[in-house]
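Enquirer: These protein sequence lines map, in sequence, to chains A and B. Take any residue in the first sequence, note its place counting from 1, add 2, and you have its number in my numbering. Take any residue in the second sequence, note its place counting from 1, add 47, and you have its number in my numbering. By construction, the Cβ of each residue, glycine as well, lies at the ideal position given by its N, Cα and C atoms. Values in this document were obtained by computation on a predicted structure and should not be read as measured data. Below is the structure I would like to discuss, written out as structure tokens.
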Amino acid sequence: MNPALRRIWGLVYRHVALYRRSWPRVVELMYWPVLQMVVWGFISSYIAGLTPGSGTLAAGALLGAVLLWEVALRSQMGFALSFLEEIWSRNLGHVFVSPLRPRELVAALMSMSVLRTLVGVLPAMVLAWAFYGFGLFSLGPVIVAFFAALLMMGWAVAMLVTALILRHGAGAEALAWSVLFGLTPFSAVFYPVAVLPAWLQPVALAIPAAHVFEGMRAALLDGHVAWGHLAAAFALDGMWLAIAAAVFMRQFEGARVRGALLNIGE
Amino acid sequence: MSALIVENLRKTYPPRRNAPPPRPAVDGLSFRLPMGETWGLLGGNGAGKTTTIAMLLGLLVPSGGSILALGHDMAKDRFAALARMNFSSPYIALPHRLSVAENLRIYAHLYDVPDMEQRIATLATDLNLTELLDRPAGDLSAGQKTRVALAKALINRPALLLLDEPTASLDPDTGDWVRGWLERYSAESGCAILLASHNMAEVERLCGHVLMLKEGRILDQGSPAVLTARYGREDLEQVFLDIARGTRAETMA
């Protein structure tokens with residue numbers, strides 16, 4: 003195996019081994035997405051029953067939004083919490099004096115983010131299909147692109163959170179859970195961008211998720227792929243990932259100057 | 048050949064807001080650690096040992112000076128050096144929930160160790176860890192954790208090993224076992240070792256040369272025997288106290 007890939011695998015193995023030894027951690031990954039799906043599933047059934055036809059479409063859009071937003075949330079948390087695991091176990095010192103490059107650390111955290119997202123979201127998707135008759139894959143292959151765009155957005159936000167943890171220490175760790183929830187109102191998850199006030203719409207359109215959810219609604223309600231929104235989502239992902247990577251590297255080097263890597267968990 | 052060439056190494060931490068400018072933590076350190084030798088880094092709390100080791104490992108960016116580790120400039124090419132170095136400290140843990148074998152596998156991957164399972168088995172035999180391989184690292188005693196930390200530090204057959212208080216919090220018997228093991232390992236492997244310790248008997252036993260640090264500077268250096276004779280003392284602990292308290296410096300001046 004290529005040495006760089008092996009180093010990335012080394013860090014992924016560390017987390018996989020941890021999950022293999024701890025079933026409560028695996029359950030915790032699935033718990034919230036499944037709970038969300040149960041609650042929103044009943045709400046959607048209620049809405050669909052109120053006005054058959056348009057209500058059914060709205061209910062489908064709601065369930066799709068819940069599932070896809072979980073992808074962004076789990077992606078961001080998967081990255082940031084995997085980094086925090088290293089801090090909590092006071093192992094970062096060993097990791098940072100190994101030949102693991104910062105970009106390989108990021109690649110490992112992204113890999114863990116994908117694994118944690120799949121383990122967390124797939125049971126919720128199965129639940130939506132089995133109990134509420136909502137199959138996200140009925141949207142077609144474009145769903146994979148939606149998934150990828152939201153994963154990337156989660157990574158960008160998580161890299162910024164990790165940069166804040168490098169800057170401010172474990173005191174910033176609460177952001178690992180909460181920061182993406184703060185973007186929900188502007189990400190057009192449950193309603194179109196057009197619903198937002200005019201002055202807020204440019205803010206929403208700078209967020210990749212807003213384009214993904216506009217695209218999802220176009221696929222669900224109109225039955226067509228909104229390529230423009232999809233392209234915009236990936237272009238914005240690229241831009242935000244580049245900005246987040248630059249901020250992360252700046253904070254990483256700053257932490258090396260301040261000596262913060264020696265006592266980041268304190 | 049030198050394992051480490053340190054020239055005029057300096058570190059002043061960035062000032063904190065509304066605080067007076069900090070004094071240098073390391074102030075013009077220069078030394079050459081030859082391959083195959085074990086050197087000690089001695090000094091009281093705040094003397095600059097941890098800062099020095101952190102800079103040697105690339106965890107901390109120096110304010111000035113240079114470090115050449117195993118022929119690699121740590122400012123430009125630290126990862127090439129880190130692949131052939133390793134480090135052990137009782138103050139940095141290994142993931143507690145993972146087994147000893149899993150912990151060692153992680154580092155075997157990170158250091159791209161060939162024949163991983165064979166290497167782990169060899170280290171487990173050498174360090175009496177075979178019975179512990181499947182046990183969670185967090186369940187081990189302090190002495191067992193120290194042996195696991197040593198196994199992690201040796202997983203890549205390092206040419207340069209940095210040890211921070213390798214026998215801290217160990218009982219005398221286990222401490223003696225670790226020191227004996229390090230003596231044998233150093234002699235057999237030709238590995239250069241830089242050891243920071245507060246245990247003077249340990250330094251006298253293991254180190255051929257000692258750097259005495261105070262306020263970030265090398266105040267004196269030499270073999271334990273030479274230092275002891277130079278200060279007219281019976282052992283290194285008394286020399287350490289002279290230097291730490293500045294008593295000998297005054298009388299020598």
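Would you identify the three-state DSSP class for B/N55, choosing helix, strand or coil?
Expert: Residue state, collapsed to three classes: strand.
Enquirer: Nearest-angstrom Cα distance between B/A234 and B/I167?
Expert: In a straight line, the C-alpha of B/A234 is about 21 angstroms away from that of B/I167.
Enquirer: Name, going along the chain, the residues of the region 98-111 of chain B whose beta-carbon falls closer than 9 angstroms to a beta-carbon of chain A.
Expert: Under the 9 angstroms Cβ criterion, the region 98-111 of chain B contributes T98, A101, L104, G105, L106, L107, V108, S110.
Enquirer: Taking DSSP as the reference, what is the three-state secondary structure of B/A296?
Expert: In this prediction, B/A296 scores a pLDDT of 49, lower than 50, which makes its location untrustworthy; the coordinate-derived value is nonetheless stated afterwards. DSSP places B/A296 in helix when its eight states are reduced to three.
Enquirer: Under 8 angstroms Cβ-Cβ, which residues of chain A neighbour B/L145?
Expert: Per Cβ cutoff of 8 angstroms: R16, A19, L20, R23.
Enquirer: Give me the chain B residues within the contact set of A/G80, using Cβ-Cβ distance strictly less than 9 angstroms, ordered along the chain.
Expert: Under the 9 angstroms cutoff, chain B gives no residues; its nearest Cβ is about 18 angstroms from A/G80.
Enquirer: Assuming B/V195 and B/L141 form a contact by the criterion Cβ under 8 angstroms, report the distance between their Cβ atoms to the nearest whole angstrom.
Expert: With 8 angstroms as the limit, B/V195 and B/L141 qualify as a contact, their Cβ atoms being about 7 angstroms apart.
Enquirer: Against chain A, with Cβ distances strictly below 7 angstroms, would B/A206 count as a contact?
Expert: It does not; no Cβ of chain A falls within 7 angstroms.
Enquirer: Considering only residues of the region 106-143 of chain B, which uninterrupted beta strand (DSSP E) runs meet the minimum length of 3 residues and lie entirely inside it, listed in chain order?
Expert: As far as the region 106-143 of chain B is concerned, its whole beta strand (DSSP E) runs of at least 3 residues are 111-116, 132-135.
Enquirer: Would you verify that the beta carbon of A/F192 is, or is not, closer than 7 angstroms to some beta carbon of chain B?
Expert: It does not; no Cβ of chain B falls within 7 angstroms.
Enquirer: Is the region 103-120 of chain A close to the region 5-12 of chain A, with three or more CB pairs under 8 angstroms?
Expert: Yes, the region 103-120 of chain A touches the region 5-12 of chain A.
Enquirer: Tell me which residue opens and which closes the beta strand (DSSP E) that B/R264 is part of.
Expert: Run containing B/R264: 264-269, per the beta strand (DSSP E) assignment.
Enquirer: Tell me, please, which residues DSSP counts as bridged to B/F78.
Expert: Note: B/F78 sits in a beta bridge opposite B/V53.
Enquirer: According to DSSP, is B/E281 part of a helix, a strand, or is it coil?
Expert: Three-state DSSP puts B/E281 in coil, outside helix and strand.
Enquirer: How far does the beta strand (DSSP E) with B/H256 in it reach, from first residue to last?
Expert: Counting along the chain, the beta strand (DSSP E) containing B/H256 begins and ends at 256-261.
Enquirer: Can you list, in chain order, the residues of the region 92-109 of chain A whose Cβ is nearer than 7 angstroms to any Cβ on chain B?
Expert: Those would be R92, N93, G95, H96, F98, V99, S100, P101, L102, R103, in chain order.
Enquirer: Please confirm whether A/A67 and A/G57 have their CB atoms less than 7 angstroms apart.
Expert: No.
Enquirer: Please list, in chain order, the chain B residues whose beta carbon lies closer than 9 angstroms to that of A/V259.
Expert: Per Cβ cutoff of 9 angstroms: Y60, P61, L107, V108, S110.
Enquirer: Listed in chain order, which residues of the region 156-173 of chain B have Cβ atoms closer than 8 angstroms to some Cβ of chain A?
Expert: Cβ contacts with chain A: H156, L157, Y158, D159.
Enquirer: Work out the CA separation of A/F149 and A/V181 for me, nearest whole Å.
Expert: Cα to Cα, the separation comes out at about 20 angstroms.
Enquirer: Taking B/E149 as the query, report the chain A residues whose CB atoms sit under 7 angstroms from its CB, ordered along the chain.
Expert: Per Cβ cutoff of 7 angstroms: A19.
Enquirer: Note down, in chain order, every chain B residue with its Cβ under 8 angstroms from the Cβ of A/R9.
Expert: Neighbours of A/R9 on chain B, chain order: H156, L157, D159.
Enquirer: To be precise: take each residue of the region 122-145 of chain A, compare its Cβ to all Cβ atoms of chain B, and keep it if any distance is under 8 angstroms. Which residues remain?
Expert: Result list empty, no residue passes.
Enquirer: Determine, for A/P5, whether the minimum Cβ-Cβ distance to residues of chain B falls below 7 angstroms.
Expert: Judged by the 7 angstroms Cβ criterion, A/P5 is in contact with chain B.
Enquirer: Measuring CA to CA, which of A/W201, A/H213, A/D224, A/A60 is closest to A/G230?
Expert: Out of A/W201, A/H213, A/D224, A/A60, A/H213 has the C-alpha closest to the C-alpha of A/G230.
Enquirer: Take A/A160 and list the residues in its own chain whose beta-carbon comes closer than 6 angstroms to its own, dropping the five residues that flank it on each side.
Expert: The answer, listed in chain order, is Q78, F81, A82.
Enquirer: Is the beta carbon of A/V191 sitting closer than 7 angstroms to the one on A/W34?
Expert: No; because the gap between Cβ atoms is not below 7 angstroms, this pair is not in contact.
Enquirer: Using alpha carbons as the reference points, say which of B/Y154, B/G269, B/W228 lies closest to B/T172.
Expert: That would be B/W228, whose Cα lies nearest to the Cα of B/T172.
Enquirer: Cβ of B/L187 less than 7 angstroms from any chain A Cβ?
Expert: Cβ-Cβ to chain A under 7 angstroms: no for B/L187.
Enquirer: Pop quiz: B/V286 and B/R292 are said to be a contact at Cβ under 8 angstroms. What is the actual Cβ separation, rounded to whole angstroms?
Expert: In fact, because the Cβ distance is near 11 angstroms, the residues do not count as touching under 8 angstroms.
Enquirer: Is A/G12 close to chain B? Criterion is C-beta to C-beta, closer than 7 angstroms.
Expert: Answer yes: the Cβ-Cβ gap between A/G12 and chain B drops below 7 angstroms somewhere.
Enquirer: Can you tell me whether A/R258 is buried or exposed? The criterion is at least 16 other CB atoms within 10 Å of its CB, across all chains shown.
Expert: It counts as buried.
Enquirer: Could you tell me the distance, in whole angstroms, from the CA atom of B/N175 to the CA atom of B/L283?
Expert: Distance between the alpha carbons of B/N175 and B/L283 is about 31 angstroms.
Enquirer: List the residues of chain A whose Cβ lies closer than 8 angstroms to the Cβ of B/L176, in chain order.
Expert: Within 8 angstroms Cβ-Cβ: nothing; B/L176 doesn't reach chain A, min ~17 angstroms.
Enquirer: Between B/P28 and chain A, is any beta-carbon pair separated by less than 7 angstroms?
Expert: In the structure displayed, chain B extends from 48 to 300; residue 28 of chain B sits before or after that span and is not available.
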